[in-house]
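Here the structure comes first, spelled out in structure tokens, and everything after it is commentary.
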Amino acid sequence: MKCRKFMAVLLIVALLATLVAGCGGGEESDGKTKLKVFLYLNDHESDIYKGMIDKFQQAHADTISEIEVQITTQDEYATTLTGMMTAGDLPDVFYVGPEAVDQYVENGYIENLTPYLEELGISTDGLMQDVLNSYRHNGETTGSGDLYALPKDSSVFAYAYNKDLFDEAGIPYPDPEDPYTYEEFVDVCKQLTKDTDGDGEIDQWGCGMANAFMFHQFIWSNGASFTSDDYRTVTIDTPEFKEAMQKYVDLTLVHKVTPTVEQDSSLGVYQRWLAGQEAFYACGTWDVAAFMDPETFPYNWDLCCFPTLSTGKSMTWLGTVGYCVSSQSEHKKEAVELINFLSTDEDGQREVSGITTGNSIQIPNVIDLAEGEFIEAVENGTVEYPSNVQVVFNYMNGTDYCGGRFMETNYTPNAEWCNIFFESMDKVKNGSMSVDDFIAEIQPQMQASLDEAWESIE
Amino acid sequence: MTQTSVKPAKPKMSQAARQENRWGLLFVAPPFVGFLIFMAFPIVFAFVASLTKWNGINNMLDNFVGLENYIKLFGDAKFWKVLGNTIIYMIGIPVGMILGLVIAVGMNRKIRGIKVLRTLYYIPVISSLVAVAILWMWVFNYDYGLLNSIIKFLTGKHGPNWLGDEFWVKVSMIIFMVWKGLGTSIILYLSGLQGIPKDYYEAATIDGATGWNLFRHITVPLVSPVTFYLLITGLIGGFQVFVEVLVMVPSGGLDYSAATVVFYLYEKAFSSRQMGYGSAMAFLLAIIIFIITAINFKGQDKWVKTID
Numbered sequence: 000m001k002c003r004k005f006m007a008v009l010l011i012v013a014l015l016a017t018l019v020a021g022c023g024g025g026e027e028s029d030g031k032t033k034l035k036v037f038l039y040l041n042d043h044e045s046d047i048y049k050g051m052i053d054k055f056q057q058a059h060a061d062t063i064s065e066i067e068v069q070i071t072t073q074d075e076y077a078t079t080l081t082g083m084m085t086a087g088d089l090p091d092v093f094y095v096g097p098e099a100v101d102q103y104v105e106n107g108y109i110e111n112l113t114p115y116l117e118e119l120g121i122s123t124d125g126l127m128q129d130v131l132n133s134y135r136h137n138g139e140t141t142g143s144g145d146l147y148a149l150p151k152d153s154s155v156f157a158y159a160y161n162k163d164l165f166d167e168a169g170i171p172y173p174d175p176e177d178p179y180t181y182e183e184f185v186d187v188c189k190q191l192t193k194d195t196d197g198d199g200e201i202d203q204w205g206c207g208m209a210n211a212f213m214f215h216q217f218i219w220s221n222g223a224s225f226t227s228d229d230y231r232t233v234t235i236d237t238p239e240f241k242e243a244m245q246k247y248v249d250l251t252l253v254h255k256v257t258p259t260v261e262q263d264s265s266l267g268v269y270q271r272w273l274a275g276q277e278a279f280y281a282c283g284t285w286d287v288a289a290f291m292d293p294e295t296f297p298y299n300w301d302l303c304c305f306p307t308l309s310t311g312k313s314m315t316w317l318g319t320v321g322y323c324v325s326s327q328s329e330h331k332k333e334a335v336e337l338i339n340f341l342s343t344d345e346d347g348q349r350e351v352s353g354i355t356t357g358n359s360i361q362i363p364n365v366i367d368l369a370e371g372e373f374i375e376a377v378e379n380g381t382v383e384y385p386s387n388v389q390v391v392f393n394y395m396n397g398t399d400y401c402g403g404r405f406m407e408t409n410y411t412p413n414a415e416w417c418n419i420f421f422e423s424m425d426k427v428k429n430g431s432m433s434v435d436d437f438i439a440e441i442q443p444q445m446q447a448s449l450d451e452a453w454e455s456i457e
Numbered sequence: 000m001t002q003t004s005v006k007p008a009k010p011k012m013s014q015a016a017r018q019e020n021r022w023g024l025l026f027v028a029p030p031f032v033g034f035l036i037f038m039a040f041p042i043v044f045a046f047v048a049s050l051t052k053w054n055g056i057n058n059m060l061d062n063f064v065g066l067e068n069y070i071k072l073f074g075d076a077k078f079w080k081v082l083g084n085t086i087i088y089m090i091g092i093p094v095g096m097i098l099g100l101v102i103a104v105g106m107n108r109k110i111r112g113i114k115v116l117r118t119l120y121y122i123p124v125i126s127s128l129v130a131v132a133i134l135w136m137w138v139f140n141y142d143y144g145l146l147n148s149i150i151k152f153l154t155g156k157h158g159p160n161w162l163g164d165e166f167w168v169k170v171s172m173i174i175f176m177v178w179k180g181l182g183t184s185i186i187l188y189l190s191g192l193q194g195i196p197k198d199y200y201e202a203a204t205i206d207g208a209t210g211w212n213l214f215r216h217i218t219v220p221l222v223s224p225v226t227f228y229l230l231i232t233g234l235i236g237g238f239q240v241f242v243e244v245l246v247m248v249p250s251g252g253l254d255y256s257a258a259t260v261v262f263y264l265y266e267k268a269f270s271s272r273q274m275g276y277g278s279a280m281a282f283l284l285a286i287i288i289f290i291i292t293a294i295n296f297k298g299q300d301k302w303v304k305t306i307d
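As given, the protein sequences belong to chains A and E, one line each in that order. Here numbering that gives the first Met the number 0 is used: the first residue of the first sequence is 0, the next is one more, and so on. Here numbering that gives the first Met the number 0 is used: the first residue of the second sequence is 0, the next is one more, and so on.
Below is the structure:
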């Protein structure tokens, strides 16, 4: 009996102890700082970034006792972060995307970095300013004012082609500085679409089109956009938008240079590109290391521009995610130093861009490094990169024939209004609905959802 | 006039009884505390959230909107659509029960290898839902899937786009859910069958009853408690279908044709950051489940028979 009582007490104590431990935050030990970092990274990135964080901690061993790094997947990230915000237990350093800067600032979650950067004497002049500006907030809107995050990376979604298929068909490679017009593109694609094994069914296509990632290029190049400039009105009923959409679905329905919707559902466009079944596909800067790996993609390939529509300018979307510092952090200065290190440390940037490792998962954040050492490394082959690397920088910096921008959903409180479009778009792509009917049906739903999104944060 | 109130004397507890009481309370404390923390608190939290425009980032209580979310739900066409989808999926419940009973009757005899067979049917139940859902994605694949390969072999024609078509995606989901749940129904029906006394059948046989009549008038009524249990759990589980959709048709299907209520509320809460609205939907769903379960319990007297 005694023994049982003892066990019961022990159990209860253990239970309470875990509860208490769950609530308590890790505080300082021996007067040194402990930082918490929460990120999403893939395995390859994770090794590199963990190494960088260790290096930073060792260099600051006299003030920082430990940096606790929590890593998750991109899918899980937002859910977990929301939980942390709700519980009031934010890590010192976490991610913010341009779309969330406004809400995070307004609700007081993230710290204004400008005073810290000034105090620490850190200059951000060497970073890509367009990207940096997407993390500025002036108290009203994002885009200008004080800095609230430093970029982890900035990415470009460029176009890519399979050189081997071009060689086979005896077609000259696309000129990276002179994008195809839509008509030229269709013509080239038609020559590359064929039945290679003679069984009467097409098994190689000119291109594959993943709607959610490759449709914006068409509408932007035709001077259209999903929304008005203030991101409040859905503008998919303009003639430019409808024309671009028609041309996009015509690739599948009229010119038949892409797999059909049904074929897409059997094997995704990405898998078909890897299998050498598509001559054109896209390549994000994060894809380069994978595409350069012959185990993943055993073909020669290079970068080029997306075809142009009526504006004559090839367009694509850019992406970025940044490091921010929690406004609840008790060690803001150290946290700012850490994110500055992760964002701009030259050795770290050399590693992630592949200058020292050979495998590139992002382009360097520091302009001098990107346009100097990085390009040199591409040219002399130390980093495995396709030779038309300039396409990436052209999209990022903008030229008279090509340019990049963020998707409209980067500026709206959520992306549901736009998802509605892509959920049903295949109805047009499989020929069961006309562009006009589809837009007439879907626009009111999108507008209602967008109104609700804006209303939800007011 | 004066009134004298008489306090009823409390029965005095002995020292030992009091102590025993205290220990008793201490023993029930862990599950009770667990219930408070992991059930009661989230329920209250979700209810409060459902009355606000909380988005996970803003302050919940500053954004109190009363019943607005609930009112909006009634006018939300997408909500009705996903509720419809969810109910359509429930066609799988009777299908699974009939198949389960038939197979259980077949298995309720001594034949060689019966244990192996029973185990095989139960494997889907203990397998990871995500893993088997991925497996079935390949079974349903348009060009390379097992199903369409068989269809092509038998008929020479290409089968339907199982997961890409607004109609067939529902059929696919029902097939998958029936397959996944079949093991449970079989095991439960088997135990039900084994609980039916042999003399019922013997008596009926003497009276001249044969196969179908025995099944219809003895077996079916006497396994009705199992049927009732399967119906209740099937309906409750049916309203909560989520993982199947998330894995097999992560976009929710063409024109949201595969999405369920829980899938929609998850997207609302975590993708669109409308936690308040999502919570309201969760609450409405809980109310629907509660009502349907209550109706079921009320109706059980009419058809659920017990052996005694």
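Using N, Cα and C, we set each Cβ at its ideal position, and we do this for glycine too.
The C-beta distance from Pro175(A) to Cys323(A) rounds to 35 Å, too long to meet the 8 Å contact threshold. Two segments are said to touch when three or more pairs of C-beta atoms, one from each, lie closer than 8 Å; by this definition the region 254 to 274 of chain A does not touch the region 118 to 128 of chain A. Contact check between the region 210 to 219 of chain A and the region 300 to 318 of chain A: three or more CB pairs, one atom from each, fall below 8 Å, which counts as touching. Annotated as proximal: Thr292(E) and Ile231(E), with beta-carbon spacing under 8 Å. The DSSP assignment places complete alpha helix (DSSP H) segments of no fewer than 4 residues inside the region 35 to 95 of chain A at 42 to 58 and 73 to 86, in order along the chain. Neighbourhood of Arg117(E) in chain A, by CB distance below 9 Å: empty, with the nearest CB roughly 36 Å away. Along the region 100 to 129 of chain A, the positions whose C-beta sits under 9 Å from a C-beta of chain E are Gln102, Tyr103, Glu105, Asn106 and Tyr108, read in chain order. Contact between the region 429 to 448 of chain A and the region 224 to 242 of chain A is present, with at least three C-beta pairs closer than 8 Å. For Glu183(A), the enclosing alpha helix (DSSP H) stretches over residues Tyr181 to Leu191. At least one C-beta of chain E is nearer than 8 Å to the C-beta of Leu266(A). Not one beta carbon of chain E lies nearer than 8 Å to the beta carbon of Lys255(A). Taking the beta carbon of Gly23(E) as reference, no residue of chain A falls within 8 Å; the closest one sits roughly 11 Å away.
Pairing Lys52(E) with Val43(E) gives a Cβ-Cβ distance that is not under 8 Å. Residues of the region 398 to 423 of chain A with a C-beta less than 8 Å from any C-beta of chain E: Pro412, Asn413, Ala414, Glu415, Asn418, Phe421, Glu422 and Ser423, listed in chain order.
Distance from the CA atom of Ile133(E) to the CA atom of Tyr199(E), rounded to whole angstroms, is 46 Å.
CA-CA distance, Val168(E) to Leu128(E), rounds to 18 Å.
Collapsing the DSSP output to three states places Asn161(A) in a strand. Shown here for Val365(A): same chain residues with a beta carbon closer than 8 Å to its own, the five before and five after excluded, namely Gly125, Leu126, Thr343, Glu345 and Gln348 in chain order. Taking a cut-off of 8 Å on C-beta distances, the region 22 to 38 of chain E does not touch the region 236 to 256 of chain E, as fewer than three cross pairs fall below it.
Residues of chain A with a Cβ closer than 8 Å to the Cβ of Leu162(E) are, in chain order, Ser264. Residues of the region 136 to 150 of chain E that bring their beta carbon within less than 7 Å of a beta carbon in chain A comprise Asn140, Tyr141, Asp142 and Tyr143, in sequence order. In the structure shown, Gln276(A) falls within a coil segment according to DSSP collapsed to helix, strand and coil.
Taking a beta-carbon distance threshold of 8 Å, Gly180(E) does not count as an interface residue toward chain A. DSSP, reduced to helix, strand and coil, places Ser153(A) within a strand of the structure shown.
Residue range Gln14 to Phe34 is occupied by the alpha helix (DSSP H) that includes Trp22(E).
Interface with chain A (8 Å Cβ-Cβ cutoff): Lys52(E) is included. Secondary structure of Gln327(A) (DSSP, three-state): coil. Taking 8 Å as the threshold, the shortest C-beta distance from Ile56(E) to chain A falls below it.
Annotated as distal: Ile63(A) and Leu89(A), with beta-carbon spacing of 8 Å or more.
Here the region 199 to 206 of chain A makes contact with the region 250 to 258 of chain A; the two share three or more CB pairs at distances below 8 Å. Counting other Cβ atoms within 10 Å of its Cβ, Gln73(A) stays below 16 and is therefore classed as exposed. Residue state for Cys417(A) is assigned as helix, using DSSP reduced to three classes. Residue-level contact by beta carbon holds for Thr78(A) and chain E, with a gap shorter than 8 Å. Listed along the chain, the chain A residues whose CB falls inside 8 Å of the CB of Gln14(E) amount to none; the nearest CB is some 16 Å away. Beta-bridge analysis with DSSP links Phe212(A) to no other residue. Residue-level contact by beta carbon holds for Phe269(E) and chain A, with a gap shorter than 8 Å.
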